[in-house]
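Numbering (the UniProt record's numbering), first residue to last: 1 to 741.
Scroll down for the structure; my scribbles are underneath it.
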């Protein structure tokens, strides 16, 4: 039996060894690819901050962190270290150029650049470490550069005129053809006299022994790098410091122009032509677009205030959130704690049964029971244990979800208190499902590890791994009230015996985070009262009359405040609230969302939008379905079906109506997901899917859903609030508004 087990282990190890060999070969191939692209091993590489003469946006900085490599005389830079296998973003042949040392800027950044003989700045770089700057200057000098130190008066001026490094070949062609090019100033006044290659000894002396400091400072620079910190030093007063004295004026040579001076000396395309538009800055147009956006929204704000006045009532917000004497709704909170305690008791029962199984399997010491019979008895006990625990967990989970939902429905709770109870109930239910599923897996692995250890009659490392689930707390030591309580309060839906913890508590960040949360939540509520409610109320008449042009106009008008409110809710919930809870509890993994705004398909959006729910769906719905033999497509459809069910529950139950619009809206994402995937492959562009995502979610989907739910909610719960044109009395001054604009 031991030999068969060893053969099975060897058979299982062969695929892993083959995979390791495959990865090693791929690693060697990538190394050869990098070496081939760079022709040789780089003499110097590392992260530096690269200067941009223009910015792409109003709030973007002029310095960006890039990974530089110096191979011979070829200076290249990439977006990051991983991108070195791709084509470089810029390339400069530094042979015969000048490395211009500017010295320290802003009291902390050491700046230097590569300048050609004509005074054109090819690259300008900086680093927070003086030793790294000296080492780079030394490497550039070894590559064929001549060092010049910037003179004092020139250090406070704007940098030299820059040339795009992609046009480096054209610049050399100009030298070869003798095309005249004027220099921006007399370069003899720009650099300190007598500092040429003779300054190499000083640089070599300062750069000696800094290899260890380079790595330490580079890590610190990557952590602290921010675009706003790397700005050009222009001599203005900085952070309360006194203004620097102005440099003495430099005499400039006046260029004379006569009546026969040729002004058309080369062929140049227009600025907006296709072969030049990508090489020019367009930050002015971006600023204009932002200004138009601000002006358009300011006009809408003024129009709303002039027509409706101030509708926001902060004092009424607290009243909406209170249950108003609904005692059964208040009792739902201790009942949720009781269901969590019951879940812990069920798992403790499972651990007790597991110990009994182990004792039964060791009954071979008794002469009246054979070892094989004892193991069969233990296996039968294990199946019975799991069946009983499954039934108990199913009953507890059903009660945990059903009792609060029944209370919300039967007591006809108000919308806001009912929604709060419903969403906390759903969160607890998902946590308890993960708690039961994870402990079932740990218990099964522990049972299998104990059996392997018993068969081999030797300690097994897999047993310890099975007990801990790969974490720091071993099963069953995780079955404690404190462990469960910590899981219930941390911002995750996935249970595991231990979690990564944060290194320190940031009290100042917590204070400002709570302040941001209050402000953002207040702005979201203000948008709801001031913009959403009037627009929705004025949409009821076109909806009843099926006036399609007016309905389209209402949907488009509603899309903008809906988008703003949705973005504010996302920021308040996923960024502020979850990070606040993580800071208080010391929870380390704070990837609550990814860059869903860049989603190129609908499926990508659902994978990035809500990471806690996405991970829960993967662990407890998608992969269990795959393990059960369900095809991948139907497993994905099952995930959307579960999500659609809970969306309908969270919307329909607090509003006391089931219309299945939320369910249909989520399930419609399945064909839309395949459509966007098809368009992405067909058009070969990520932007098409991104446009479809924004249109379906923000321009069409959410406004229509809000109008439909609000209309039916008024019909069922507040018919007197309907406008007179649709049979109501319009008695509520907050919701019955003037005709549409």
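Just so it is clear, CB atoms sit at the ideal spot from N, CA and C, and this is done for glycine as well.
Only a predicted model underlies this, so the values are computations on that prediction, with no experimental measurement involved.
Practice item. Check whether the segment 549 to 559 touches the segment 574 to 591, taking contact to mean three or more Cβ pairs, one atom from each stretch, closer than 8 Å. Key: Contact between the segment 549 to 559 and the segment 574 to 591 is absent, with fewer than three C-beta pairs closer than 8 Å.
Q. Rounded C-beta distance between residue 123 and residue 92? I'm assuming under 8 Å.
A. Confirmed, about 6 Å.
As a quick exercise: from 506, 649, 644, pick the residue whose alpha carbon is nearest that of residue 667.
The shortest C-alpha separation from residue 667 is found at 644.
Subject >> Beta-carbon spacing of residue 612, residue 492 below 7 Å >> reply: The answer is yes: Cβ separation under 7 Å.
query: When we look at the beta-carbon of residue 620 and count the other beta-carbons within 10 Å, is it buried (16 or more) or exposed?
result: Counting every other CB atom within 10 Å of its CB across the protein chains shown gives residue 620 a total of 16 or more, marking it as buried.
| message | Quick check: what's the CA-CA separation for residue 343 versus residue 307? | response | Straight across, the Cα-Cα distance linking residue 343 with residue 307 is about 55 Å.
Same chain, Cβ closer than 6 Å to residue 593, neighbours up to 5 away in sequence not counted:
Answer for residue 593: 574, 611, listed in chain order.
Straight-line Cα distance separating residue 298 from residue 309: Within the model, the alpha-carbon separation for residue 309 versus residue 298 is close to 15 Å.
For the alpha helix (DSSP H) containing residue 564, name the first residue and the last one. Run containing residue 564: 548 to 570, per the alpha helix (DSSP H) assignment.
| said: Please give me, in chain order, every unbroken run of the beta strand (DSSP E) with length at least 3 that falls completely inside the segment 102 to 154. | reply: Taking only runs of at least 3 residues, the beta strand (DSSP E) segments lying wholly in the segment 102 to 154 are 109 to 115, 121 to 127, 146 to 149.
Margin query: Do residue 101 and residue 75 have their beta-carbon atoms positioned less than 7 Å apart in this structure?
Written below: Taking a C-beta distance under 7 Å as the contact criterion, residue 75 and residue 101 do not qualify as a contact pair.
* Asked: Looking at the unbroken beta strand (DSSP E) that takes in residue 604, where does it start and where does it end?
  -> Boundaries around residue 604 are those of the alpha helix (DSSP H), 602 to 608, since no beta strand (DSSP E) includes it.
Would you call the CB atoms of residue 328 and residue 411 closer than 7 Å? Against a cut-off of 7 Å, the Cβ pair of residue 411 and residue 328 comes out as a contact.
By how many angstroms is the C-alpha of residue 133 removed from the C-alpha of residue 109?
A straight line joining the alpha-carbon of residue 109 with that of residue 133 spans about 9 Å.
Would you report the Cα separation of residue 143 and residue 71, rounded to the nearest angstrom? The alpha-carbon separation between residue 143 and residue 71 amounts to approximately 8 Å.
Which first and last residues belong to the alpha helix (DSSP H) in which residue 676 is found?
Annotation: the continuous alpha helix (DSSP H) that includes residue 676 extends over 669 to 683.
- Are the CB atoms of residue 473 and residue 500 nearer to each other than 7 Å? No. Outside cutoff.
* To do: Evaluate residue 16 with the Cβ neighbour count: other Cβ atoms within 10 Å of its Cβ, from every protein chain shown; 16 or more gives buried, anything less gives exposed.
  => The residue in question, residue 16, is exposed, as its Cβ has fewer than 16 Cβ neighbours within 10 Å.
Given residue 634, which residues of its chain have a CB within under 7 Å of its CB, disregarding the five upstream and five downstream residues? Around residue 634: no qualifying Cβ.
Q: State the CB to CB distance for the pair residue 96 and residue 77, rounded to an integer number of angstroms; the pair is presumed to be in contact (CB under 8 Å).
A: Under the criterion of beta carbons closer than 8 Å, residue 96 and residue 77 do not qualify as touching, at roughly 20 Å.
What residues in its chain sit with their C-beta under 8 Å from that of residue 632, if we drop five residues either side in the sequence?
Short of 8 Å from the beta carbon of residue 632, and not among the five residues preceding or following it, lie these beta carbons of its own chain, in chain order: 626.
Around the C-beta of residue 531, are 16 or more other C-beta atoms found within 10 angstroms, so that it is buried, or is it exposed? Residue environment analysis places residue 531 among the buried positions, since at least 16 neighbouring C-beta atoms fall within 10 angstroms of its C-beta.
Check: Are the CB atoms of residue 605 and residue 616 nearer to each other than 7 Å?
Finding: Going by C-beta atoms, residue 605 is not nearer than 7 Å to residue 616.
Reduced DSSP category for residue 494 - H, G, I as helix; E, B as strand; rest coil: Assignment of residue 494 by DSSP, reduced to helix, strand and coil, places it in the coil class.
query: If you drop the 5 nearest sequence neighbours on each side, which residues of the same chain put their C-beta closer than 7 Å to that of residue 609?
result: Within the same chain, residue 609 has close Cβ partners 593, 596.
Worksheet item: Once you ignore the five residues that flank residue 409 on each side, which residues in its own chain have a CB closer than 7 Å to its CB?
Response: These residues qualify, in order along the chain: 653, 656.
> Among 527, 547, 428, which residue has its Cα nearest to the Cα of residue 490?
Replying inline: If we check each option's Cα against that of residue 490, 428 comes out closest.
Could you give the first and the last residue of the continuous beta strand (DSSP E) run that contains residue 303? Here residue 303 belongs to no beta strand (DSSP E); instead the alpha helix (DSSP H) covers 283 to 308.
**Prompt:** For residue 272, which option in 73, 261, 285 has the closest C-alpha, if you only look at C-alpha atoms?
**Reply:** Nearest C-alpha to residue 272: 285.
Under the three-state DSSP convention, the category residue 701 falls into | If DSSP states are grouped into helix, strand and coil, residue 701 belongs with the helices.
Report task. Consult DSSP for residue 272 and reduce its assignment to one of helix, strand or coil. Result -> In the structure shown, residue 272 adopts coil according to DSSP, grouped into three states.
field: residue 314 versus 345, 111, 529, residue with shortest Cα-Cα distance
entry: The residue among 345, 111, 529 with its C-alpha nearest the C-alpha of residue 314 is 529.
Any idea if residue 535 is buried or exposed, counting beta-carbon neighbours within 10 angstroms, 16 or more meaning buried?
-> Buried.
My output table needs one value for residue 589: the three-state DSSP class, helix, strand or coil.
DSSP places residue 589 in coil when its eight states are reduced to three.
Exercise. Could you spell out where the beta strand (DSSP E) holding residue 529 opens and where it closes?
Key: It is not in any beta strand (DSSP E) - residue 529 carries neither H nor E in the DSSP assignment.
Checklist line | Span of the beta strand (DSSP E), counted from its first residue to its last, around residue 92 | finding: Counting along the chain, the beta strand (DSSP E) containing residue 92 begins and ends at 90 to 93.
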